[in-house]
Structures are given as structure tokens and as C-alpha cells.
Amino acid sequence: MRDRALWIGCIAYAALFTALGAHKYAVHRNLLDFGIFAQTTASAFGCFCNSIEGSHWAVHFSPILYVVGAAAAVAHSPVTLIAAQAVAGALVAPPLYGLAFRRSNSVTVARGTALVAWLYPPLAGLIFGDFHENGFAPAAVAWTLYAFDAGLAVWTLLGALLTLSIKEDQALFLTAGGALGAWACRGTLRGRTAGIVAILSAAVAVIFFGVVQPHMAASAHVGWQPERFYAWQAADARGIVGDIAARLGFLLLIFVPLVFLPLRSGFFMLALLPLSEVLLSRMPTTYTLGTHYAGAWIGYVLVAYAAAVGRLQLPSARRVLLSCIALCALEFAVADPLHPHLNLRPTQPRDTALDRFLARLPAGASVAGQEEAYTHLALGNANATLLPELPQTPVSACLVLVDADFPESARLQEYGATLAGLIRTGSYGLVVRQGRIALYRVRVPCR
Numbered sequence: 105m106r107d108r109a110l111w112i113g114c115i116a117y118a119a120l121f122t123a124l125g126a127h128k129y130a131v132h133r134n135l136l137d138f139g140i141f142a143q144t145t146a147s148a149f150g151c152f153c154n155s156i157e158g159s160h161w162a163v164h165f166s167p168i169l170y171v172v173g174a175a176a177a178v179a180h181s182p183v184t185l186i187a188a189q190a191v192a193g194a195l196v197a198p199p200l201y202g203l204a205f206r207r208s209n210s211v212t213v214a215r216g217t218a219l220v221a222w223l224y225p226p227l228a229g230l231i232f233g234d235f236h237e238n239g240f241a242p243a244a245v246a247w248t249l250y251a252f253d254a255g256l257a258v259w260t261l262l263g264a265l266l267t268l269s270i271k272e273d274q275a276l277f278l279t280a281g282g283a284l285g286a287w288a289c290r291g292t293l294r295g296r297t298a299g300i301v302a303i304l305s306a307a308v309a310v311i312f313f314g315v316v317q318p319h320m321a322a323s324a325h326v327g328w329q330p331e332r333f334y335a336w337q338a339a340d341a342r343g344i345v346g347d348i349a350a351r352l353g354f355l356l357l358i359f360v361p362l363v364f365l366p367l368r369s370g371f372f373m374l375a376l377l378p379l380s381e382v383l384l385s386r387m388p389t390t391y392t393l394g395t396h397y398a399g400a401w402i403g404y405v406l407v408a409y410a411a412a413v414g415r416l417q418l419p420s421a422r423r424v425l426l427s428c429i430a431l432c433a434l435e436f437a438v439a440d441p442l443h444p445h446l447n448l449r450p451t452q453p454r455d456t457a458l459d460r461f462l463a464r465l466p467a468g469a470s471v472a473g474q475e476e477a478y479t480h481l482a483l484g485n486a487n488a489t490l491l492p493e494l495p496q497t498p499v500s501a502c503l504v505l506v507d508a509d510f511p512e513s514a515r516l517q518e519y520g521a522t523l524a525g526l527i528r529t530g531s532y533g534l535v536v537r538q539g540r541i542a543l544y545r546v547r548v549p550c551r
């Protein structure tokens with residue numbers, strides 16, 4: 105992996121997605137997760153919390169965020185989060201390059217494998233999406249499996265520890281994958297290494313689900329909520345035909361650009377559990393490209409792809425790689441997970457006006473607003489929060505900020521009528537109005 109072209113590609117990919125993500129932020133297109141993780145990383149060496157969840161430990165096992173928190177403490181810029189995720193996306197390619205080269209002994213095949221990874225629409229959608237711990241998973245998984253494939257026991261264990269630090273579901277995946285590897289490679293160093301990975305992963309799962317999460321959930325606003333995704337009800341069953349079609353469409357979107365090559369590799373067995381996690385969910389968000397849920401399975405699928413393409417004869421490999429490149433481009437043309445017409449629109453006067461208004465708010469103000477405001481306040485204001493999702497939920501903040509220039513805001517649509525009622529009854533009074541931006545304050549004493 106001393107190929108200069110590979111590392112130039114990594115730098116270019118990271119720079120491109122940092123620039124795209126920074127522009128998306130500038131035009132206020134980030135959603136809830138960006139605010140949650142901005143507050144969590146900003147408080148990494150304090151409460152490790154945010155105004156939506158309370159302690160993040162009650163929801164996810166993500167020590168990796170301490171690293172991002174350290175970087176954010178130095179740079180204190182939202183671009184820090186964006187760049188960290190972009191770099192993580194770029195670093196998916198080198199281990200795939202190595203896997204393909206080890207099997208093919210061809211720089212052409214290895215470079216083509218890396219290029220397909222950078223062009224893979226599901227990865228692009230994940231990296232361009234809101235910052236999330238899942239954004240680090242594909243690279244960590246790919247490097248771990250590359251080390252395992254090379255028989256590098258120490259590096260495999262270090263990679264597994266890094267992967268386990270990202271999110272609790274990886275503990276479940278690596279427990280199963282480690283057990284599978286221990287059986288398949290029994291009696292060898294690889295088998296023993298895989299067995300250690302399985303034991304470490306199982307220990308992390310037991311500690312998080314049995315100790316950490318229940319303890320932290322007692323004082324959190326929300327906790328780990330598997331019932332949101334897997335508590336199937338009669339109403340869900342009635343739409344099963346459409347749901348099956350949507351899931352089949354999802355599978356086509358992830359496998360057609362790779363011409364179904366992952367299915368020809370033994371590594372694909374490791375992808376079955378991560379894919380099941382998203383496909384068995386009752387919420388279509390989990391199998392929608394452009395969301396963070398793709399981070400659970402992308403690393404495993406791409407490793408299987410790299411291993412399979414590396415075993416092809418050189419002429420076949422070249423044809424397959426060219427087909428993959430063309431199919432990735434086609435998918436961007438017909439089903440772009442970046443949604444550039446929405447997320448990469450030009451900066452408008454409403455963006456500038458909102459940022460100027462937010463900059464004049466008192467430091468640390470207890471203020472609830474829509475996504476456009478919350479995501480731009482979160483990194484520097486632990487007391488900033490979103491308007492409630494449900495109409496019956498009371499506002500907990502002293503101030504409420506509404507910008508009618510962003511009527512597409514989900515929270516404004518969900519809570520707008522309730523807020524109008526609170527204003528009409530005098531529960532909240534107008535403090536200042538500037539153009540289409542209005543700031544209200546609760547009438548009762550508030551700190």
C-alpha cells in the first residue's frame with residue numbers, strides 16, 4: 105500500500121467530502137443527529153451528553169467520540185466533525201486495495217478496487233450525511249479484516265478494539281464473526297485471534313447492555329430503544345408487500361454497483377448480521393441510503409467485494425471493475441443519496457440572516473428551535489435544544505426561536521400549531537422579531 109496514487113486519492117476524497125459537508129452545514133441542511141453529536145463531543149470530557157438524549161451512554165457505546173471531542177476542543181469548529189467523518193470515509197479504500205492486491209498481485213486491480221469504494225454510493229451517502237459514530241465503522245471494519253486476512257494478530261486485535269469503540273452493535277457483529285472465524289480457522293493463529301475477538305466483543309456487549317446502559321438510562325432523557333425498530337405490530341404487517349419491495353430495492357442499490365461480487369466471497373458471511381439489523385427493522389429509515397445506518401454493514405460488504413474481485417483473472421477483473429465504476433455513476437444519476445438539489449443549494453440571504461441572529465443570542469441561552477437553529481448552536485451551547493417532536497410535549501427551554509424562512513423544518517411542522525397556541529394564550533411572549541425570525545420568552549420565571 106505504498107502506492108502514491110492510493111494516498112492521493114484518500115486526500116482528494118477527504119477534501120471533497122469535507123468541502124461538501126461544510127457547504128451543507130452553511131446552508132442549514134443538517135438534522136437532529138448533527139446537533140446531538142456536536143453537543144456530545146463538545147462535552148466529551150464532562151457529562152458526555154446532549155440536550156436531546158441526556159447522557160449518550162444511555163443510548164450508544166461510543167468511546168471513539170472522545171477522540172473527536174479532543175479534536176473539537178482544539179479547533180472548536182463544526183467542520184472538525186465533518187472532516188473527521190470525511191477522513192474516515194477516505195480510509196475505507198486502503199485496506200480494500202491491500203486485500204485485492206494480495207490476491208491479484210496487480211496494482212491495476214488494487215487501484216480499481218479502491219476507486220470503486222470511493223465511488224460507491226452507499227458510502228458517499230453515509231459520509232455526506234450528518235456526523236454520526238457509524239461513519240467510522242466501515243474503515244475500522246475494513247482495516248480489522250485486512251489485518252486478520254494478513255495473519256497480523258496484534259493489528260487484528262487493535263482493529264477490533266477500535267471497531268468495538270464505535271457502537272454497541274459492532275460488539276454483536278464481532279462476537280458472531282469472531283466465533284465464525286475461530287471455527288473456520290481452528291488450530292491456527294488466525295483461529296485463536298478470532299476467538300479472542302469473539303470473547304472481547306461478547307464482554308463489551310455484556311458490559312454495555314447489562315451494566316452501562318441500564319445505569320445511565322435511569323437519569324437520561326431517552327435510552328436505547330430497540331422497540332422503535334423491532335416491535336412489529338399489526339399495522340406494520342398490513343404494509344408488508346410494499347415493505348418487501350422497498351427492501352428488495354435497497355438490496356439492488358447496494359449490490360448492483362458491485363455486480364453482486366460480495367456474494368462470491370466467504371467474507372460475505374460476516375455481512376449477514378449487519379444487513380439483518382437494518383432489513384428486519386420496521387422503520388424504513390434503516391434501509392434508506394444516505395442515513396447513518398449504512399455504516400453498520402458497508403465495511404463487511406466492501407471487504408467481501410475486494411476479496412472477490414482480487415480472485416478474478418486479470419482480464420475479467422478489469423471488465424468487472426469498469427462495470428462497477430459505470431454502475432456507481434449510474435446510481436448517482438438516478439438515485440443519488442447526497443440529494444444535491446436539496447443539500448448543496450447556493451447560500452441564500454435567509455442563511456446569512458439566521459446565522460447573524462444566532463450569533464447575537466446570549467452565550468449559553470436556554471433556547472429551543474428548529475433543526476436549522478439547533479445544529480448551528482449545538483457545538484457552543486449545551487442548553488440549545490429542539491422544539492418537541494410531539495404536540496403534547498411541553499417546551500422545556502426559556503426561549504423559543506422560530507425562523508419562518510425555513511418552513512420545510514420537520515420540527516416546525518410538527519410543533520408549529522402547539523407553539524402558536526402557547527403564544528396565543530400568552531405562555532410565551534415576543535422578545536424580538538427580525539424579518540421572518542422571531543424569538544419568544546416564557547412568561548414564568550426561567551433560568
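Residue numbers for the sequence shown follow the numbering used here, so the first one is 105 and each next one is one higher.
Just so it is clear, CB atoms sit at the ideal spot from N, CA and C, and this is done for glycine as well.
His325 and Glu475 closer than 8 Å at C-beta: Counting from one through the sequence shown, the residue named residue 325 turns up at place 221. Counting from one through the sequence shown, the residue named residue 475 turns up at place 371. Result no, Cβ atoms of His325 and Glu475 do not sit closer than 8 Å.
Terminal residues of the beta strand (DSSP E) in which Gln317 lies: On the sequence shown, residue 317 is found 213 positions in, with the first residue counted as 1. That residue, Gln317, is in no beta strand (DSSP E); its alpha helix (DSSP H) goes 317-321.
Cβ-Cβ distance between Gly616 and Val245 below 8 Å: The question about residue 616 has no answer, for the chain in this structure spans 105 to 551.
Segments assigned beta strand (DSSP E), at least 3 residues, entirely inside the segment 417-493: The beta strand (DSSP E) runs of length 3 or more contained entirely in the segment 417-493 are, from start to end of the chain, 471-473, 488-490.
Residue from Ala338, Tyr532, Ala412, Ala439 with nearest C-alpha to Leu356: Locating residue 356 in the sequence shown gives position 252, counting from the first residue. Nearest of Ala338, Tyr532, Ala412, Ala439 to Leu356, Cα basis: Ala439.
Identity of the residues DSSP links to Tyr532 by a beta bridge: Within the sequence shown, numbered from 1, the residue matching residue 532 stands at position 428. Tyr532 is bridged to Val546.
Inter-residue spacing [alpha-carbon to alpha-carbon] between Ser147 and Asn154: The sequence position of residue 147 within the sequence shown is 43, counting from 1. The sequence position of residue 154 within the sequence shown is 50, counting from 1. Cα-Cα distance, rounded: 8 Å.
Start-to-end residues for the beta strand (DSSP E) that takes in Val506: One-based indexing of the sequence shown puts residue 506 at position 402. For Val506, the uninterrupted beta strand (DSSP E) run begins and ends at 503-507, by DSSP.
Simplified DSSP assignment, three categories, for Arg540: As a position in the sequence shown, residue 540 is number 436, starting the count at 1. Assignment of Arg540 by DSSP, reduced to helix, strand and coil, places it in the coil class.
Backbone CA spacing between Ala411 and Phe372 [nearest angstrom]: For this step, residue 411 is matched to residue 307 along the sequence shown. For this step, residue 372 is matched to residue 268 along the sequence shown. One C-alpha to the other measures close to 10 Å.
Close Cβ partners of Leu526 (< 6 Å) along its chain, the five nearest in sequence each way excluded: What you label residue 526 is simply residue 422 of the sequence shown in a count that begins at 1. Counting only Cβ-Cβ distances below 6 Å, and skipping sequence neighbours, we find Tyr532.
Burial state of Pro450 (16 or more Cβ within 10 Å): As a working mapping, residue 450 is identified with position 346 in the sequence shown. The residue is exposed, with fewer than 16 neighbouring Cβ atoms inside 10 Å.
First through last residue of the alpha helix (DSSP H) which encompasses Asp107: Indexing the sequence shown from 1 puts residue 107 at position 3. Where Asp107 is concerned, there is no enclosing alpha helix (DSSP H), given that its DSSP letter is neither H nor E.
Counted within 10 angstroms of its Cβ, other Cβ atoms place Leu293 as buried (16 or more) or exposed: Within the sequence shown, residue 293 is the residue found at index 189, counting from 1. Answer is exposed; the Cβ neighbour count stays below 16.
Endpoints, alpha helix (DSSP H) assigned at Ile358: For the purposes of this step, residue 358 is identified with residue 254 of the sequence shown, where counting begins at 1. Membership of Ile358 in the alpha helix (DSSP H) is indicated by the continuous run 344-359.
Distance, Leu418 Cα to Ala179 Cα: Residue mapping note: residue 179 aligns to position 75 of the sequence shown, counting from 1. Residue mapping note: residue 418 aligns to position 314 of the sequence shown, counting from 1. Whole-angstrom Cα-Cα distance: 46 Å.
Integer-rounded CB distance, given that Ala298 should sit under 8 Å from Ala286: On the sequence shown, residue 286 is found 182 positions in, with the first residue counted as 1. On the sequence shown, residue 298 is found 194 positions in, with the first residue counted as 1. Between Ala286 and Ala298 a beta carbon distance of about 4 Å is seen, short of the 8 Å cut, so the two are scored as contacting.
Whole-angstrom distance between Tyr129 and Pro444, CA atom to CA atom: Locating residue 444 in the sequence shown gives position 340, counting from the first residue. Locating residue 129 in the sequence shown gives position 25, counting from the first residue. Distance between the alpha carbons of Pro444 and Tyr129 is about 13 Å.
Among Ala472, Ala433, Arg386, Asp459, the one whose alpha carbon lies nearest that of Pro361: In the sequence shown, counting from the first residue as 1, residue 361 sits at position 257. Out of Ala472, Ala433, Arg386, Asp459, Ala433 has the C-alpha closest to the C-alpha of Pro361.
Selected residue, minimal CA-CA separation from Gln329, among Trp161, Arg106, Leu516: Counting from one through the sequence shown, the residue named residue 329 turns up at place 225. The alpha carbon of Gln329 has as its nearest neighbour, out of Trp161, Arg106, Leu516, the alpha carbon of Trp161.
Helix, strand or coil at Asn154 according to DSSP, with G and I counted as helix: Within the sequence shown, the letter at position 50 stands for residue 154. Looking at Asn154 - three-state DSSP - the assignment turns out to be strand.
Pro198 - containing alpha helix (DSSP H), residue span: Looking up residue 198 in the sequence shown gives position 94. In the DSSP assignment, Pro198 falls within the unbroken alpha helix (DSSP H) covering 197-208.
For Ser513: DSSP bridge partner residues: The sequence position of residue 513 within the sequence shown is 409, counting from 1. Ser513 pairs with nothing; no bridge assigned.
C-alpha distance - Ala190 paired with Tyr117, whole-angstrom precision: By one-based count along the sequence shown, residue 190 stands at place 86. By one-based count along the sequence shown, residue 117 stands at place 13. Their Cα atoms are separated by approximately 7 Å.
Beta-carbon proximity of Ala204 to Val363, cut-off 8 Å: As a working note, residue 204 is residue 100 in the sequence shown. As a working note, residue 363 is residue 259 in the sequence shown. Val363 is positioned such that its CB atom lies no closer than 8 Å to that of Ala204.
For Ser305, three-class secondary structure by DSSP: As a working note, residue 305 is residue 201 in the sequence shown. Under the three-state reduction of DSSP output, Ser305 falls in the helix class.
Identity of the residues DSSP links to Ser159 by a beta bridge: Numbered from its first residue, the sequence shown carries residue 159 at position 55. Ser159 pairs with Cys153.
Assigned secondary structure, Pro330 (DSSP; H/G/I helix, E/B strand, else coil): As a working note, residue 330 is residue 226 in the sequence shown. DSSP places Pro330 in coil when its eight states are reduced to three.
Coarse secondary structure for Ala254, derived from DSSP in three states: Mapped onto the sequence shown, residue 254 falls at position 150. If DSSP states are grouped into helix, strand and coil, Ala254 belongs with coil.
Environment of Glu493 [buried if 16+ CB atoms lie within 10 Å]: Residue 493 sits at position 389 when you count from the first residue of the sequence shown. Taking all protein chains shown into account, Glu493 has fewer than 16 neighbouring C-beta atoms within 10 Å of its C-beta and is therefore exposed.
Touching by the beta-carbon criterion (3+ pairs, under 8 Å), the segment 498-507 and the segment 467-481: Between the segment 498-507 and the segment 467-481 there are three or more C-beta pairs closer than 8 Å, enough to call the two in contact.
Coarse secondary structure for Tyr224, derived from DSSP in three states: Numbered from 1 along the sequence shown, position 120 holds the residue referred to as residue 224. If DSSP states are grouped into helix, strand and coil, Tyr224 belongs with coil.
Segment limits, alpha helix (DSSP H) that includes Phe277: The residue you call residue 277 lines up with position 173 of the sequence shown. Segment 272-288, the alpha helix (DSSP H) holding Phe277.
Short Cβ contact (8 Å threshold) for Ala257 with Leu278: Numbered from its first residue, the sequence shown carries residue 257 at position 153. Numbered from its first residue, the sequence shown carries residue 278 at position 174. In this structure, Ala257 keeps its C-beta atom at 8 Å or more from the C-beta atom of Leu278.
For Met105 and Gly202, believed in contact at Cβ under 8 Å, the rounded distance: The sequence position of residue 202 within the sequence shown is 98, counting from 1. The sequence position of residue 105 within the sequence shown is 1, counting from 1. So it is a contact: roughly 5 Å between Cβ atoms.
Within 8 Å, strictly: CB atoms of Ala109 and Leu406: For the purposes of this step, residue 109 is identified with residue 5 of the sequence shown, where counting begins at 1. For the purposes of this step, residue 406 is identified with residue 302 of the sequence shown, where counting begins at 1. Taking 8 Å as the Cβ cut-off, Ala109 and Leu406 do not qualify as a contacting pair.
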